[in-house]
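Shown next, in structure tokens, is the structure this report addresses.
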Amino acid sequence: MKNSVRIVALQALLMALVISLAMDSINAASINIKNQCSETISACATCNNCGGRVNCFALAPHNGFQVIDVGPNWPGGVIWGYPGGSANPTDGNNAKPQADLAELTIGAGGQDYYDISNVNAYNLPLLINPTTIASPGKRQGLECGSPICSIGNIYSFCQSPNFLTGAVGYGCYNVGGPGPVATAGTEHFANACPDAYSYSKDDANHVYACPTGSNYEVVFCP
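Reading the sequence shown from the start, the letters are residues -28 to -1, 1 to 194 in mature numbering (1 follows the signal peptide of the UniProt record, and there is no 0).
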């Protein structure tokens, strides 16, 4: 009798594991990182809340891409890019404070949350777009929307108190961005990219959400 009970319990455990793995597979997200710029760039990705390892990929111009599978949970995910094809994590870490960021948290209570952040800087045009939308999501405003930030000429855009960074990211520092309130410098970013964060507490109308199980693309130079 005891052996029969153990077998039934083991079968129940295995079934629960199979169901759990199946649900994880259904809810797992993939992110297609695409380069539509006219030059080679390096795109980097990390997850701040799951180890912080940085992976970088050289993406050829005009639709070079890299698909990353992030599973059903990717807390504090960040994607950014910088010019050139070094795809070196050290260069990527140095470029990150000089770049605009695609920030994605996958699997937070059945929802994914994402935004574009210019809090630190801006260097490359950027788009986040849901490519498949899990039920019951729909494209409506901040629900499964597609934030974009595209500044034409960074040299004419980047005016004092903000300033150009040079290598490795070749961006424009947002001097007031890390602060809790808007400034003349952050307003310059806000006006150029109304879909994106311009300072650290700039939450209103900048956080997008889509049901977990959706897939996304992050596009440079959309």
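Glycine included, each C-beta is placed from N, C-alpha and C at the ideal position. All of these numbers come straight from a predicted model, not from anything done at the bench.
Next item on the list: Count the other C-beta atoms from every protein chain shown that fall within 10 angstroms of the C-beta of Glu159, then say buried if there are 16 or more, exposed otherwise.
Entry: exposed
Item checked: Where Asp(-5) falls: helix, strand or coil (DSSP) -> Model confidence at Asp(-5) stands at a pLDDT of 46, short of 50, so the residue's coordinates are unreliable; what they give is reported in the following sentence. Three-state result, Asp(-5): helix.
Notebook entry, point to check: Hey, which unbroken runs of the alpha helix (DSSP H) at 4 residues or more fall wholly within the stretch 30 to 88?
Noted result: 61 to 67
Checklist line | Start-to-end residues for the alpha helix (DSSP H) that takes in Asn163 | finding: 156 to 164
Note to self: Can you look up Glu105 in the DSSP assignment and give me helix, strand or coil?
What the structure shows: The identity of residue 105 in the sequence shown is Ile, whereas the question assumes Glu. DSSP places Ile105 in coil when its eight states are reduced to three.
Check: What residue from Gly185, Cys130, Tyr86, Ala106 has the CA that sits closest to Asn177's CA?
Finding: Tyr86
Item checked: Alpha-carbon spacing of Met(-6) relative to Ser118, whole angstroms -> The predicted position of Met(-6) is uncertain, since its pLDDT is 42 and thus under 50; a value taken from the coordinates is nonetheless stated next. C-alpha separation (whole angstroms): 26 angstroms.
Item checked: Presumed contact (8 angstroms Cβ cut-off) between Ala74 and Val179, rounded CB distance -> That belief does not hold up - the Cβ atoms of Ala74 and Val179 are roughly 13 angstroms apart, past 8 angstroms.
Check: Do you know offhand how far Thr184's Cα is from Cys116's?
Finding: 11 angstroms
Item checked: Simplified DSSP assignment, three categories, for Val91 -> coil
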